[in-house]
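2 protein chains.
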Amino acid sequence: MAKAPILTPQSEDFPRWYQDLIQKAELAENGPVRGTMVIRPYGYAIWERMQAEMDARIKAAGARNAYFPLFIPEEFLRREAEHVEGFSPELAVVTHAGGRELEEPVVVRPTSETIINHYFAKWIQSHRDLPMLINQWANVVRWELRPRIFLRTTEFLWQEGHTCHRTAIEAHEYATRILHDTYEDFMVRVLAMPVVVGRKTAAERFAGAINTMTCEAQMRDLKALQMGTSHELGQNFSVAFGTSFQDTDGAERQPWQTSWGTSTRMMGGVIMSHGDDRGLRLPPNLAPIQVVVMAIRDDAAVIEEVGRIHGELLSAGVRAEVDVRTDVSFGRRAVDWELKGVPIRLELGPRDLASGEVTLARRDSGDKSPVSLAGVAATVVSLLAEIQEGLHAEALERRESTTVDVATVPEAVEAAAVGWARIPWADLGAEGESVLAESGVTVRCLISADGGVPESDDEEGAIAVVGRAY
Amino acid sequence: MAKAPILTPQSEDFPRWYQDLIQKAELAENGPVRGTMVIRPYGYAIWERMQAEMDARIKAAGARNAYFPLFIPEEFLRREAEHVEGFSPELAVVTHAGGRELEEPVVVRPTSETIINHYFAKWIQSHRDLPMLINQWANVVRWELRPRIFLRTTEFLWQEGHTCHRTAIEAHEYATRILHDTYEDFMVRVLAMPVVVGRKTAAERFAGAINTMTCEAQMRDLKALQMGTSHELGQNFSVAFGTSFQDTDGAERQPWQTSWGTSTRMMGGVIMSHGDDRGLRLPPNLAPIQVVVMAIRDDAAVIEEVGRIHGELLSAGVRAEVDVRTDVSFGRRAVDWELKGVPIRLELGPRDLASGEVTLARRDSGDKSPVSLAGVAATVVSLLAEIQEGLHAEALERRESTTVDVATVPEAVEAAAVGWARIPWADLGAEGESVLAESGVTVRCLISADGGVPESDDEEGAIAVVGRAY
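Respectively, the protein sequence lines represent chains A and B. Each residue of the first sequence is one higher than the one before, counting from 165 in this note's numbering. Each residue of the second sequence is one higher than the one before, counting from 165 in this note's numbering.
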């Protein structure tokens, strides 16, 4: 007799499947203040892995971490006209503190361009101070009317990079470097997510930027998720905050800036990109637990061998844990590790031990097969790499097979109802973009004819990738 | 001719020395909103080292990281009477968000006992769920009337641990374990700070705790700094939030809790514990840069050898950097590395190279001497350990030599004007504590006659350690 599914099947109700999974895998919960979230230990362990991998790439790109205040004087936000217009509706404002009303209310940072530029103006005097490359790991607040856990929360955790450069070209190159070498590389190699990397249209641009570039991923319900953005800010903020430097020729100039961010939203991306009806499927390079070694039952020789395998895996650099909670039924434990998306389970019982084997269960395919206890760590290491590749290939295959080339706006609307569409930007344009919006379809990004990132809003041959989005 | 000092000398004006150092070593700055701070990249790199070392110890104690919301419903704070009384005067309150007035204002977390207990009540049902051991790295806000950078800021970064246990004894043992194995161990071994570990008097206890234990350090101006606290909360919060579990005997009981925290205040502790008139002196186990290898001038062979030494140091596990900015004067660079407290400088010029040596400058003693280029990494590794020990020994010696035993309250006041005093708690008592307070002197903690941590407020033979404090 078939058991009731633990999660609402994806095909039945994808949003409910998403919420079920987050709850049952103990990733997160809604906070008491609307739109906020609690990230539970298992979810936070995944986020810590993301942080570690992303932070290493950010440092490799030469940026240094720093920390700027949570509270920003309201007046700072007003200095850049588009910026304040973009963020005003989402601001949380502190009006009372220390038992009295503040003379000037302060806003809780929705992003830190303004406050960081206030310091850039102090710290930068000469071309020798450039490039200045800063990153910050922090919480930010944007009041959300329709919150959804991880994807759109009132408070979220992120990293935000802020840089100053001597020339427009250097700023452009750095924003592009972060886009590819930091973000795309992380998403592909760690998250196993094949992102489309392109340029946002003017309508979708960050408030205050002259160019926003983006990494867009496709979820299993075929909707798009913006995974990270890298902006060229031009001189908008350096002019607004009076940041200038003495250039090599002695002239006083404003630096060209970039900013770029990725957040806990990527948690939602991983869940919806790889998860299935049995739960999460974590790419091995991301998983805080890559392998769990389970004792099927309470048997001294089995427990001892579980410990030995665990040690062998740790020595081989595998993030492994043991599960010897034999007072809980084996089936229940196995289902829980499936829910949590652990890539490989090694299940050991007395019979396996007697035959010198252990049962290896793959979370990606669900396959189970016996493998020899001799050299099990080597088997696991090579299989983890295979699973990482496989999850990426599967997601890429899905995206390719559900993205169609179209030539007209009605065709794009039709295609976006069941997947993604590619349409020449010359055939769509800002007008067609507005028509799409009426059907809830957006231009995720523009890509060049050769698949690269367009250098301008109206690059010849540019193609719009369109779809529904989170 | 003596040059003007870079920093105000400690003996002249200690608080100004502290501020000068923080600015000149580029550790931090004041934020635009009163009492907030910007932690600059070099300061933040030190904080990241603290986080890494502390986080490893917290995980070794079995706690798991999680993240709870910044915003707490005002009503949560009111549930524990002492807690709300203690924190109300310091709260920052968000009254407007998303462009409108909130129906219920939310407070910005000053600490997270309340919101975390709201979730403990959901997550804990059975004794099998215990112990529950949670830690959080986060920013918190306490409105400060007399802010001082790192030491008392409106917003600061910290870790806060929150745990639930089946019995009072287990909670007590865990709070004590964190105090010694996590906090004291970190402060002694990483920060090279010999802390006095003891119990707070009832007057100095955390709002809502039944026992607060503390690590107290002495600064170079002989004032005390509270470096970290570990609290037993009893059942105060579990009762207030209705957290209960079915015990082994089937009875429904409230868990016993602990909470414990350390913060960016420790940055101030390191500065004032080790810093001298030439700048910061970082203990090698903390220093983000343990060794800087400097090219004295622009000479191809010198630059090449600097690179080789750098590689040898990195291979030996030393956190090393090179300084080949030969367009800046050598003296200026050396002074800057001194300011930044880098434990060892290796200064290489053509003459050193010719003689197969490099000049090694120690930041702790200021000594300079030539060492052989052959095996320089081994020399450095052993010297780093010696410097670490030496800074600890120096701080311990200072504390010992400036702490006196006294028998009466007037003697304690007199002694605390020029150092610390130890006085039997039986001779001081709560009444004597109030008298001390009139002279700005506080009981830093009570210690047992054998130097341990007293088990009760009125343990026989307990000794009060008193002094002026930050």
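Here a beta-carbon is modelled for each residue, glycine too, at the ideal position from N, C-alpha and C.
### Message
Please state the DSSP three-state secondary structure of residue 226 of chain A.
### Response
Here the question's residue 226 of chain A lines up with position 62 in the first sequence. DSSP places residue 226 of chain A in coil when its eight states are reduced to three.
### Cα-Cα separation between residue 211 of chain B and residue 548 of chain A, rounded to whole angstroms
Here the question's residue 211 of chain B lines up with position 47 in the second sequence. Here the question's residue 548 of chain A lines up with position 384 in the first sequence. Distance between the alpha carbons of residue 211 of chain B and residue 548 of chain A: 34 Å.
### Query
Quick one: what's residue 363 of chain A bridged to in DSSP?
The residue labelled residue 363 of chain A in the question sits at position 199 within the first sequence. Per DSSP, the beta-bridge partners of residue 363 of chain A are A/377, A/610.
### Query
Buried or exposed: where does residue 286 of chain B fall if 16 or more other Cβ atoms within 10 Å of its Cβ makes it buried?
Within the second sequence, residue 286 of chain B is the residue found at index 122, counting from 1. Counting other Cβ atoms within 10 Å of its Cβ, residue 286 of chain B stays below 16 and is therefore classed as exposed.
### Query
Short check: CB of residue 605 of chain B to CB of residue 582 of chain B, under 8 Å?
One-based indexing of the second sequence puts residue 605 of chain B at position 441. One-based indexing of the second sequence puts residue 582 of chain B at position 418. Against a cut-off of 8 Å, the Cβ pair of residue 582 of chain B and residue 605 of chain B comes out as no contact.
### Query
So residue 559 of chain A and residue 437 of chain A are in contact, right, with Cβ under 8 Å, and what is the actual spacing, rounded?
Within the first sequence, numbered from 1, the residue matching residue 559 of chain A stands at position 395. Within the first sequence, numbered from 1, the residue matching residue 437 of chain A stands at position 273. Indeed, because the Cβ distance is near 6 Å, the residues count as touching under 8 Å.
### Query
Given a limit of 8 Å on CB to CB distance, which residues of the segment 249 to 265 of chain A reach chain B?
Listed by position along the chain: 252, 253, 254, 255, 256, 257, 258, 259, 260, 261, 262, 263.
### Query
So, is residue 333 of chain A buried or exposed, given that buried needs 16 or more other C-beta atoms within 10 angstroms?
Counted from its first residue, the first sequence places residue 333 of chain A at position 169. The residue in question, residue 333 of chain A, is exposed, as its Cβ has fewer than 16 Cβ neighbours within 10 Å.
#### Entry: Among A/543, A/309, A/363, the one whose alpha carbon lies nearest that of residue 254 of chain A
Walking along the first sequence from the start, residue 254 of chain A turns up at place 90. Closest by alpha carbon: A/309.
### Message
Under 8 Å, with one C-beta from each stretch per pair, do the segment 238 to 249 of chain A and the segment 219 to 236 of chain B reach the 3-pair mark?
### Response
Contact fails: fewer than three Cβ-Cβ distances are below 8 Å.
### C-alpha distance - residue 462 of chain B paired with residue 428 of chain A, whole-angstrom precision
Within the second sequence, numbered from 1, the residue matching residue 462 of chain B stands at position 298. Within the first sequence, numbered from 1, the residue matching residue 428 of chain A stands at position 264. When the Cα atoms are used, residue 462 of chain B and residue 428 of chain A turn out to be separated by approximately 46 Å.
### Message
With a threshold of 7 Å (Cβ to nearest heavy atom), would residue 491 of chain B be considered close to the ligand NAD?
### Response
Of ligands this structure carries none, so the ligand NAD is not represented either.
### Query
Which residues, in chain order, does the segment 228 to 251 of chain A contribute to contact with chain E at a C-beta distance below 8 Å?
Of the chains in the structure shown, none is chain E; the protein chains are A and B.
### Task
Below 6 Å CB to CB, which residues in the same chain sit around residue 432 of chain A once its five sequence neighbours on both sides are set aside?
Counting from one through the first sequence, the residue named residue 432 of chain A turns up at place 268. The answer, listed in chain order, is 314, 315.
#### Entry: Inter-stretch contact at 8 Å, needing at least 3 Cβ pairs: the segment 415 to 430 of chain A / the segment 318 to 328 of chain A
The segment 415 to 430 of chain A makes contact with the segment 318 to 328 of chain A: 3 or more CB pairs, one atom from each, lie closer than 8 Å.
### Task
Starting from residue 194 of chain A, trace the alpha helix (DSSP H) both ways and give me its first and last residue.
What you label residue 194 of chain A is simply residue 30 of the first sequence in a count that begins at 1. It is not in any alpha helix (DSSP H) - residue 194 of chain A instead sits in the beta strand (DSSP E) that spans 192 to 194.
### Query
Tell me the DSSP bridge mates of residue 410 of chain B?
Residue mapping note: residue 410 of chain B aligns to position 246 of the second sequence, counting from 1. BP columns for residue 410 of chain B point to B/290, B/416.
### Cα-Cα separation between residue 288 of chain B and residue 402 of chain B, rounded to whole angstroms
Your numbering for residue 288 of chain B matches position 124 in the second sequence. Your numbering for residue 402 of chain B matches position 238 in the second sequence. Taking the Cα positions, residue 288 of chain B is about 11 Å away from residue 402 of chain B.
### Message
Please tell me whether residue 499 of chain B has its Cβ less than 8 Å away from any Cβ of chain A.
### Response
Position 335 of the second sequence, counted from the first residue, corresponds to residue 499 of chain B. By this cut-off, residue 499 of chain B is not an interface position.
### Query
Can you tell me where the beta strand (DSSP E) with residue 586 of chain B in it begins and where it stops?
To locate residue 586 of chain B, count along the second sequence from 1; it is residue 422. DSSP places residue 586 of chain B inside the beta strand (DSSP E), whose first and last residues are 584 to 588.
### Query
CA-CA distance, residue 553 of chain A and residue 208 of chain A?
Against the first sequence, residue 553 of chain A aligns to sequence position 389. Against the first sequence, residue 208 of chain A aligns to sequence position 44. One C-alpha to the other measures close to 24 Å.
#### Entry: Residue of B/510, B/503, B/460, B/509 minimising C-alpha distance to residue 491 of chain B
Numbered from its first residue, the second sequence carries residue 491 of chain B at position 327. Considering only alpha carbons, the answer is B/460.
### Task
Using a Cβ-Cβ cut-off of 8 Å, state whether residue 407 of chain A counts as contacting chain B.
On the first sequence, residue 407 of chain A is found 243 positions in, with the first residue counted as 1. False, the Cβ-Cβ gap to chain B never drops below 8 Å.
### Query
Is there a Cβ from chain B that is less than 8 Å from the Cβ of residue 303 of chain A?
Taking the first residue of the first sequence as 1, we reach residue 303 of chain A at position 139. True, the Cβ-Cβ gap to chain B drops below 8 Å.
### Query
Under a Cβ-count criterion, where at least 16 other Cβ atoms within 10 Å of its own Cβ denotes burial, should residue 276 of chain B be classed as buried or exposed?
Reading the second sequence from its first residue, position 112 is the one you call residue 276 of chain B. Buried is the call here.
### Query
What's the C-alpha gap between residue 596 of chain A and residue 410 of chain A?
In the first sequence, the residue the question calls residue 596 of chain A occupies position 432. In the first sequence, the residue the question calls residue 410 of chain A occupies position 246. Between residue 596 of chain A and residue 410 of chain A, the C-alpha separation is close to 45 Å.
### Message
Using only the alpha-carbon positions, how far apart do residue 476 of chain A and residue 506 of chain A sit?
### Response
In the first sequence, counting from the first residue as 1, residue 476 of chain A sits at position 312. In the first sequence, counting from the first residue as 1, residue 506 of chain A sits at position 342. A straight-line Cα-Cα distance of about 18 Å links residue 476 of chain A and residue 506 of chain A.
### Query
At a cut of 8 Å, does the segment 357 to 365 of chain B reach the segment 613 to 633 of chain B through at least three beta carbon pairs?
Put simply, the segment 357 to 365 of chain B touches the segment 613 to 633 of chain B. At least three CB pairs are less than 8 Å apart.
### Task
Give the interface partners of residue 212 of chain A over in chain B, defined as CB-CB distance under 7 Å, in chain order.
What you label residue 212 of chain A is simply residue 48 of the first sequence in a count that begins at 1. Result: 229.
### Query
Which residues mark the beginning and the end of the alpha helix (DSSP H) in which residue 185 of chain B is found?
By one-based count along the second sequence, residue 185 of chain B stands at place 21. From DSSP, the alpha helix (DSSP H) with residue 185 of chain B extends over 178 to 188.
#### Entry: Reduced DSSP secondary structure (H/G/I, E/B, other) of residue 165 of chain B
Position 1 of the second sequence, counted from the start, is the residue given in the question as residue 165 of chain B. Any answer about residue 165 of chain B is weak, because its pLDDT of 44 lies below 50 and its placement is not dependable; what the coordinates show is given next. DSSP places residue 165 of chain B in coil when its eight states are reduced to three.
### Message
Per DSSP, what are the beta-bridge partners of residue 299 of chain A in this structure?
### Response
Counted from its first residue, the first sequence places residue 299 of chain A at position 135. Within the DSSP bridge table, the entry for residue 299 of chain A names A/229, A/325 as partners.
### Message
Quick check on residue 175 of chain B: does DSSP put it in helix, strand or coil?
### Response
The sequence position of residue 175 of chain B within the second sequence is 11, counting from 1. Residue state for residue 175 of chain B is assigned as coil, using DSSP reduced to three classes.
### Task
Determine the direct distance from the alpha carbon of residue 607 of chain B to that of residue 516 of chain B, and round the result to whole angstroms.
On the second sequence, position 352 is the one that residue 516 of chain B refers to. On the second sequence, position 443 is the one that residue 607 of chain B refers to. Residue 516 of chain B and residue 607 of chain B: Cα-Cα distance of roughly 54 Å.
### Task
Kindly confirm or deny that the segment 559 to 573 of chain A and the segment 374 to 385 of chain A touch, where touching means at least three C-beta pairs closer than 8 Å.
Result yes; three or more Cβ-Cβ pairs closer than 8 Å.
### Task
Can you give me the Cβ contacts of residue 177 of chain A inside the same chain, cut-off strictly under 7 Å, excluding the 5 residues immediately before and after it?
Position 13 of the first sequence, counting from 1, holds the residue named residue 177 of chain A. Result list for residue 177 of chain A: empty, nothing under 7 Å.
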